[in-house]
Amino acid sequence: MLILDLDNTIYNTSTINRTVFSPVIEVLKKYYGNKYNETKVTEVISDFWTKPIDVVLKTHCPPKSVENTIFKCLENIRSDDLKINPYPDYAYLKGILQPKVLVTSGYESFQNAKIIALGIEKDFVDVIIDDPRASNRLFKSGIFEKIIDTYNKMPEEFWIIGDNPDSEILAGSKLGMKTIQRKTRECEVSMQADYVIESFVELERIIDKE
Ligand SMILES: [Mg+2]
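Quick note on the working numbering: the sequence shown kicks off at 3 and runs consecutively.
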């Protein structure tokens with residue numbers, strides 16, 4: 003069974019039509035520009051483009067009111083406006099006939115808009131969103147434990163496939179699941195991942211071998 007991450011694993015987040023984020027960028031510019039300076043604004047915006055939103059908020063600690071405005075801006079983004087596609091090698095992932103579960107971190111409505119825009123929802127037996135606003139947030143490790151229970155399999159019968167060494171790869175290897183890191187420019191190569199790949203073309207060889 004395969005457990006997939008979404009952002010930068012199935013598609014490249016930097017290909018999202020950037021104009022959809024204009025309202026968020028305006029909010030960040032206004033708040034950090036007034037409170038700090040242009041250097042801080044540049045730093046926060048650069049983090050916004052490269053890091054998960056919950057990491058950005060944790061690093062730069064805006065007040066709840068700013069956080070809520072950002073959330074509302076993201077909630078208003080429609081899937082049609084995102085203009086994203088899966089990586090060209092997505093077909094090789096789809097070709098692996100094991101059941102797949104999608105586990106993604108981010109605001110629920112925004113993650114759902116991406117999934118619809120990519121047209122991939124039917125490729126997964128389950129889609130689980132790890133929303134940073136959830137009061138009883140399980141994080142990826144808690145969600146993986148739940149999946150192990152639900153499907154009543156041994157941890158090593160699961161393949162975790164993702165780009166982030168500190169998120170799904172770390173959580174999966176701690177639980178004894180098999181891990182495959184998809185290499186990206188943004189993330190460092192994981193020391194824990196069982197395999198590191200550059201393309202889904204490599205999956206068949208790895209998964210069939212085991
Ligand atoms: Mg990712």
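Where a beta carbon is used, it is the ideal one built from N, C-alpha and C, also for glycine.
Just how far apart, CA to CA, sit residue i and residue j?
i: residue 210; j: residue 196; result: 15 Å
i: residue 19; j: residue 147; result: 35 Å
i: residue 4; j: residue 26; result: 34 Å
i: residue 66; j: residue 58; result: 14 Å
i: residue 35; j: residue 144; result: 37 Å
i: residue 187; j: residue 7; result: 16 Å
i: residue 46; j: residue 33; result: 11 Å
i: residue 171; j: residue 190; result: 12 Å
i: residue 123; j: residue 38; result: 42 Å
What does DSSP give as the partner residue(s) for residue i in the beta ladder?
i: residue 43; result: Answer is none; residue 43 lacks a bridge partner.
i: residue 181; result: 162
i: residue 106; result: 131
Provide the residue span of the alpha helix (DSSP H) that contains residue i, from first to last.
i: residue 207; result: 205–211
i: residue 5; result: Element bounds for residue 5: not the alpha helix (DSSP H) but the beta strand (DSSP E), 4–6.
i: residue 57; result: 55–62
i: residue 199; result: Looking at the DSSP string, residue 199 is not in any alpha helix (DSSP H); the run it does join, the beta strand (DSSP E), is 197–199.
i: residue 14; result: It is not in any alpha helix (DSSP H) - residue 14 carries neither H nor E in the DSSP assignment.
i: residue 75; result: 66–77
i: residue 83; result: 81–84
With residue i and residue j assumed to form a contact (beta carbons below 8 Å), what rounded beta-carbon distance in angstroms separates them?
i: residue 215; j: residue 105; result: Nothing about residue 215 can be reported from this structure: the residues present for the chain run from 3 to 212 only.
i: residue 163; j: residue 184; result: 7 Å
i: residue 130; j: residue 81; result: Between residue 81 and residue 130 the Cβ distance is about 19 Å, and since that is not below 8 Å, they are no contact.
i: residue 192; j: residue 167; result: 4 Å
Would you verify that the beta carbon of residue i is, or is not, closer than 8 Å to some beta carbon of chain C?
i: residue 92; result: As a matter of chain content, chain C is missing from the structure shown, which is built from one protein chain.
Over what stretch of residues does the beta strand (DSSP E) that includes residue i continue unbroken?
i: residue 26; result: From DSSP, residue 26 is part of no beta strand (DSSP E) but of the alpha helix (DSSP H) over 24–37.
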